[in-house]
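Q: Just dropping this structure here.
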Amino acid sequence: MGERIWTAGLVVIGDEILSGRTQDKNIAQIAIWLNVQGIRLAEVRVVPDVEGRIVEAVNALRTAHDYCFTTGGIGPTHDDITVDAIAVALGVGVVIHPEARAVLERYYETRGGLTDARLRMARVPEGAELIPNRMSGAPGIRAGNVFILAGVPHITAGMLDALTGTLEGGRPVLSRTIGAWVAESEIADMLGATERAFEGVAIGSYPFFREGKTGANFVVRATDPALLTACGDALIEGLAAKGLEAVEGGI
């Protein structure tokens, strides 16, 4: 039996992402946060504000992975349809969560009161739990293995902070970067052989052209620190055998 690997999928929701008006920053921060929890972000889909597309993506990722995260579409306007779409995906209704309503009433008490539009942010799929949001009051939502987060990156970060340590996962993936001034095609066979010699290790190759020269950074990834060290050392030795200087930490 190999080591249990926990995975997550992410559905990024919003016409503004697909149009290019807004540049997504959540994929990177969610991937980094998940890794610390011992969970690997395995798949990302970007979908428009269309119920059927959201339902399709959420159902695919929540069944393919241990966890499914969504970002965007949980605000107070008519086109924020994420909650409704996920309720359809889960086969449940939408209800006003009493705790969410109370949180919003307190937050907006000195900000013009809780309007019907603002009350939309208290709507959740039936049976869902809340994810605290210290930034803007409106909470995130957990429904089974689906986590519904805000689209604004700093609000998303706060919701992730509230979830820290609450999800079951494995060991985080560690990495070691080694650079060299060489075309990756010249050492492709050596890279493959090194990776195969260390089961449980992956080596990513990232070429670049800089200062009029071709080079590459090689990122060794593993969950076992000893294995990471051994594979990285073997890679350095392999580069040296070809007369290449390895740069620890990358170029």
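Quick note on this note's numbering: the sequence shown kicks off at -14 and runs consecutively.
Just so you know, even glycine gets a beta-carbon here, dropped at the ideal spot from N, CA and C.
If you're wondering where the values come from, they're calculated on a predicted model, not measured in any experiment.
In the DSSP assignment, find the unbroken beta strand (DSSP E) run with R108 in it and report its ends.
A: Taken as a continuous stretch (DSSP letters only), the beta strand (DSSP E) holding R108 covers R108 to P110.
Q: Just how far apart, CA to CA, sit F183 and G164?
A: C-alpha separation (whole angstroms): 19 Å.
Q: Please report the Cβ distance between P157 and G23, rounded to the nearest whole angstrom; I am assuming they are in contact, meaning their Cβ atoms lie under 8 Å.
A: That pair is a contact at about 5 Å.
Q: Would you kindly report the start and end of the unbroken alpha helix (DSSP H) that includes S4?
A: Taken as a continuous stretch (DSSP letters only), the alpha helix (DSSP H) holding S4 covers D0 to S4.
Q: Could you tell me the distance, in whole angstroms, from the CA atom of V77 to the CA atom of L159?
A: So the alpha carbons of these two residues sit roughly 39 Å apart.
Q: Considering Cα atoms alone, identify which of G155, R47 and I2 is closest to L19.
A: Of the candidates G155, R47 and I2, the one whose C-alpha sits nearest the C-alpha of L19 is G155.
Q: Looking at H99: is its Cβ nearer than 7 Å to the Cβ of E90?
A: The question names His, but residue 99 in the sequence shown is Leu. Yes, Cβ-Cβ distance for L99 and E90 is below 7 Å.
Q: Answer yes if the region 144 to 154 comes into contact with the region 115 to 122, meaning at least three C-beta pairs across the two stretches below 8 Å, and no otherwise.
A: The answer is yes - the region 144 to 154 touches the region 115 to 122, with three or more Cβ pairs under 8 Å.
Q: Check V158 in the structure and name its three-state DSSP category.
A: In this structure, V158 counts as coil in the three-state DSSP scheme.
Q: With distance defined between alpha-carbon atoms, name the residue in W166, A27 and D64 nearest to L46.
A: Measuring from the Cα of L46, the nearest candidate turns out to be A27.
Q: For P124, which three-state DSSP category applies?
A: Three-state DSSP puts P124 in coil, outside helix and strand.
Q: Would you report the Cα separation of A255 and G189, rounded to the nearest angstrom?
A: The shown model of the chain, from -14 to 236, leaves out residue 255, and the question about it has no answer.
Q: Hey, quick one: how far does the beta strand (DSSP E) through T56 stretch, first residue to last?
A: Here the beta strand (DSSP E) through T56 covers Y52 to T56.
Q: Can you find the residues in the same chain that come closer than 8 Å, C-beta to C-beta, to V79, ignoring five residues on each side of it along the sequence?
A: Result list for V79: V68, D69, A72, R108, V109, P110 and E111, in chain order.
Q: Are three or more beta carbon pairs between the region -6 to 13 and the region 50 to 61 nearer than 8 Å?
A: Yes, they touch.
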